[in-house]
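Residue numbers (my numbering), protein chains in the order written: chain D, 1117 to 1543; chain R, 10 to 292; chain W, 664 to 949.
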Amino acid sequence: MTHPVSLRAIAAAAALFGGLTVAQAQETIFYSTQLRPIEEATKVREVLLKGLPGKVTYVVDEPPAFAVRMKAETQAGKRTASVVGALHGELQPHVPADLQPVDDVAAKLTDLGIPASLMDLGKLGTNQQQYIPWMQATYVMVANKQALQYLPPGADVNSLTYAQLQQWGKNIVDKTGQRRLGLPAGPTGLLPRFFQGYFYPSFTGGVVTTFKSADAEAGWNALKDLWAVSNPNSTNYNFMQEPLLSGEVWIAWDHIARVKEALTLQPDQFVAFPAPAGPKGRGYMPVIAGLAIPKDAPNRAGAVAVIEHLTKPETQLATAAEVGFFPVVKAELPPDLAPGIKQLAGAVAATQNAKDALVSLLPVGLGAKGGEFNKVYLDSFQRIVLRNEPVKDVLEAQAKVLDGLMKETGAPCWAPDKPSQGACPVQ
Amino acid sequence: MPARTSWIPYALIAPSVVFLGALFLVPLVQTIWLSFSAGEGLSLDNYQRMAGDLNFSLAVKNTFLLTLVVVPLQVVLALGMATMVTKLDKGRDLVLWVLTIPLGISDLAAGLAWLALLQNTGYLNSALYALGLIQGPTGWLSQETPVALFIAIMLAELWRATAIVLVILIAGLQLIPKEFSEAAEIFGAKPWTRFTRITLPLLKPSLQSALILRTVLAFEVFAVVYALGGRNFPVLVGEAYVWQNDNQNYGVAASYAVLIMVISLAATAVYLRALRTRPEQLP
Amino acid sequence: MTTGAAELSQTSTSRGVALPSARRLLLWTGLAVLIAWVLVPIYLVALGAFGGRLGVFRWPKTIWPTDLSFAAMSQFLAIEGVFNALVNSLIAAGLTVVFSIALGAPAGYALARYTFRGQNAYRLLVLLTRAFPLAILALPLTVSFIRLGLYDTPFGVSLIHTVLALPFAALVTQSLFMGIPREYEEAAWVFGCTRFQAFMKVVLPLALPGLAATAIFAFVISWNEVFAASILTVRERTLTAYLLRILAESPLHYRFAGGFILIIPSVLFIFAVRRYLFAVWGIASK
């Protein structure tokens, strides 16, 4: 054993002393929870960050690790990353402790045409700019073309209702014997956003205030019917592109980045279209990823350069073409997009332009309680749909939890709930 | 007998005590403290939230069930493997190598391997389909098929973690003088008698180590469960991670961690008592 | 129980007593089943890794390799930083081996040979480390690592991995030393050896194969650990942490490719140290 041990010791010592001294030069560490999958991370490194002077190291992590690291580095007073990229909701818990305001960067970017509403979201409920919008996305439906023949008569995918979707799924069960509707209800699936941006707005016209309304009860009963024609494996799905490509699921709802693979690999096999409408309209939720500068960033100038580079119109268009996230700045998508991306862009446009569109904003002011806010909806789903508990009792119980959360954080209502004075009340 | 109160044992354990104190006990105490603090002052709020959660009792039940089924099966399987290998006179090295391969495989990779086998369009279904037993892709891992899901997790755990038990038992078997068994054979003891009367009692220290390690690890089962069933099969560590990572409530996560620790320690105490080994009993 | 040392140290008589052929057949059948049980899942991961993007979704699947594709694998190996991560993994795992044996084996010896006040408390401490889900300690650990300057170094990672490997080392070496009759050492003392000499000359050679097995555990624990490795590093990721973080949400065929890449070294590593495993078994050392 002695021989390998001594070798290792030498290697270790070399790495310890070597590793600490090298790479201290003006390197900018760009730390992100977005564009994690290997193909996308490679695109970021090799395409999107090209052309920047100085070395930019792109490091990705899952959101939980991101949260821990941001907190820990603040507590210890030593920062490694100079610029961070994350979703609106992931940045929110880090205000004000872990981020520094970027009003100066925002001032430089005024002529890019980033919509004021997006810039406002970037303030995260404070008076100062906390992040610069980076890219946006939303959720769409994707269907296998084999499923189209079972569409209920008179239904059009571009103006589908939840009732028609249920009927569609039921037709498929009747004809093929398989439940082929799919929802991303797995551990890292985005089902909570389905409730907050789609289901609740569409059925009740609100998210928090209407949580236990009669409309909500009716909605949950409709959802139970929908679940009856959904693939039971849905509780294992995190990214719907996998079951879509395997043919296990024919109709799915998910984030565009999580169905993109299916559309780009087999653009002839799949169609993308807006999410369905309920009695109160066609709820939909934009997704915003932002770029922020952490407190004590070791290389602020490098961070600003990264932000400026990524918000350039040509980088924004390249982002759309390469990874399927859409621009936040004013930029026309070129007509020569890949067919899969084109389909997604079409579905997004159809969603935004639908006559009954009902936009649901991202929650602001929940701080670190965003996770527990999601849990209210997931627990309701688990108890009502999976465990078949009485709808009314579950909603009563969960409404208490939700109300407590709102009071604790003092978060005011956001659209589509009516604006409130103080904490958003559950009616 | 060596001196009972010597400074030597203390000097021998001191480095590891200092090491564990700095790197483990300090953050552990911080975490235990966290589990008892909510708002201002000490409280049991976090524990109440934990116990009141909809998945709590299910997670306790599942974790115990899995441990109680998997650990004994692993010991039996490992004993069987070890006995079979002893009978070999050639190819022993190769067989032993293959049987210990899972030792080096991470739980995440193991979860992937079994996912390849058991997913809807996986190899198990393909085989069943070829045999005409099923009509098409069939799900085994959803919350609507809890029994199949449990069996799948159990198999994957057996596959992944039996090799540890095997190696510990083999290390123990090696130390049993062969003469004992040979003497018993001369006196006409049957193989089974030799096994139960000689091999097993002499293996007690190794069995104790193997059981304690495996049980403690079994209470922390997570990655394989997660890979195969996501949250369809809640287990304690999984819930702790959900509270820490998704719900971002570090207090409740700490409560789960403390609970897991208490359960593991209780199980260990049971083993230490049940499989007590006195120095004089050793060969 | 005093079995003479001479009797024990005698070279064992050949164990290859001829079995009746029916039992031999049964034995080999059983072993074949066990071997298949271990190897088949690994083979299936390999199929997934080389099956290409759509191969993972083919239905029904065949167990024979069809249209092999190396795209996923080659893209994997071309990722920037894989080599650096591999070096980090080796350093972290190597240091973990050194630390856990250096700290664990003396403790195991103390537990096996001495009765002392506080030994149960010590056992409890060692077990606590395995009984507590380490990931929950992430936040306090990360903070102190940054303060100590251990953050983002393979050395820091190896310290945490040692916390994980130490209980194995202590428990396994304890039963190892318990199994080496104390009479051997006492005999050496009689012949004028000091305690230390007796240990080095008599106990250590007997314990070496077992220590090697302990080293394997420590190495493997470190090699496979993801959570601490990824939370405590940013640039200096270990290979497992590096791959798995990218992998977790990559398409299925990449996950198989990554899984396969992670399985290969462990298979090779176990193969490389098999001599020690057989030494444990008591063949090669004789």
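Where a beta carbon is used, it is the ideal one built from N, C-alpha and C, also for glycine.
Just so we're clear, the structure is a prediction, and the values are computed from it rather than from any experiment.
The distance from the Cβ of Ile-162(R) to that of Gly-238(R) is about 6 Å, consistent with a contact at the 8 Å cut-off. Distance from the CA atom of Leu-1478(D) to the CA atom of Trp-1284(D), rounded to whole angstroms, is 30 Å. Judged by their CB atoms, Leu-67(R) and Asp-1495(D) are not nearer to each other than the 7 Å cut-off. In the assembly as shown, Ile-1404(D) is a buried residue. Its beta-carbon has 16 or more other beta-carbons within 10 Å.
Measuring C-alpha to C-alpha distances from Tyr-1266(D) to each of Gly-1305(D), Gln-1280(D), Thr-1254(D), Gly-1440(D) identifies Gln-1280(D) as the nearest. Close partners of Val-1199(D) in chain W (Cβ separation under 9 Å) are lacking, with about 13 Å as the shortest Cβ gap.
When rounded, the separation of the alpha-carbon atoms in Ala-1373(D) and Leu-175(R) is 45 Å.
Counting only unbroken stretches of 4 or more residues, the alpha helix (DSSP H) elements lying wholly within the region 1251-1317 of chain D are 1278-1292, in sequence order.
Rounded to whole angstroms, the separation of the alpha carbons of Ala-125(R) and Pro-1231(D) is 46 Å. By the 16-neighbour rule on beta-carbons within 10 angstroms, Gln-1543(D) is exposed. Residue environment for Trp-1369(D): buried (at least 16 other C-beta atoms within 10 angstroms of its C-beta). In the structure shown, Arg-1398(D) falls within a strand segment according to DSSP collapsed to helix, strand and coil. Taking CB atoms only, Gly-148(R) has a neighbour in chain D less than 7 Å away. Each of Leu-268(R), Val-156(R), Thr-72(R), Asp-255(R) was checked against the Cα of Pro-1308(D), and the nearest Cα belongs to Asp-255(R).
Against chain R, the CB of Tyr-777(W) has a partner CB under 7 Å away; the residue lies at that interface.
Listed along chain R is no residue with a C-beta nearer than 8 Å to that of Asn-1504(D); the closest approach is about 12 Å. Residue Val-696(W) holds the alpha-carbon nearest to the alpha-carbon of Leu-86(R) among Gly-767(W), Val-745(W), Ser-737(W), Val-696(W).
The region 777-804 of chain W is shown to contain whole alpha helix (DSSP H) runs of 4 or more residues at 782-794, in chain order. When C-beta atoms of the region 1417-1424 of chain D are compared with those of the region 1294-1309 of chain D, fewer than three pairs fall below 8 Å, so the two segments do not count as touching.
In this structure, the CA atom of Val-760(W) is about 17 Å from the CA atom of Ala-891(W).
Under the Cβ criterion (8 Å, minimum of three pairs), the region 136-146 of chain R does not count as touching the region 835-853 of chain W.
For Tyr-917(W), the enclosing alpha helix (DSSP H) stretches over residues 915-935. For Asp-1412(D), no pairing in a beta bridge is given by DSSP. Assignment of Glu-1143(D) by DSSP, reduced to helix, strand and coil, places it in the strand class.
Of the residues Ser-151(R), Leu-29(R), Leu-133(R), Thr-154(R), the one whose Cα lies closest to the Cα of Gly-145(R) is Leu-133(R). By DSSP's assignment, Phe-1389(D) forms a beta bridge with Met-1257(D). Scanning Leu-915(W), Phe-932(W), Val-930(W) for the CA closest to the CA of Gln-128(R) turns up Leu-915(W). The region 743-760 of chain W makes contact with the region 819-834 of chain W, as at least three CB pairs between them are under 8 Å.
Taken through DSSP and simplified to helix, strand or coil, Thr-1173(D) comes out as strand. If you check the CB distance, Leu-158(R) and Phe-242(R) come in under 7 Å. Counting along the chain, Gly-1201(D) sits inside the beta strand (DSSP E) bounded by residues 1199-1203.
Judged by DSSP in its simplified three-state form, Ser-151(R) adopts coil rather than helix or strand. Under a criterion of Cβ atoms nearer than 7 Å, no residue of chain R is adjacent to Tyr-905(W); the nearest Cβ is some 13 Å distant. The beta-carbon of Thr-1427(D) is placed no less than 7 Å from the nearest beta-carbon of chain R.
With a cutoff of 7 Å on beta-carbon distance, Thr-109(R) and Ala-172(R) are scored as near each other. Interface residue (Cβ-Cβ distance to chain D less than 7 Å): Leu-63(R) is classified as such.
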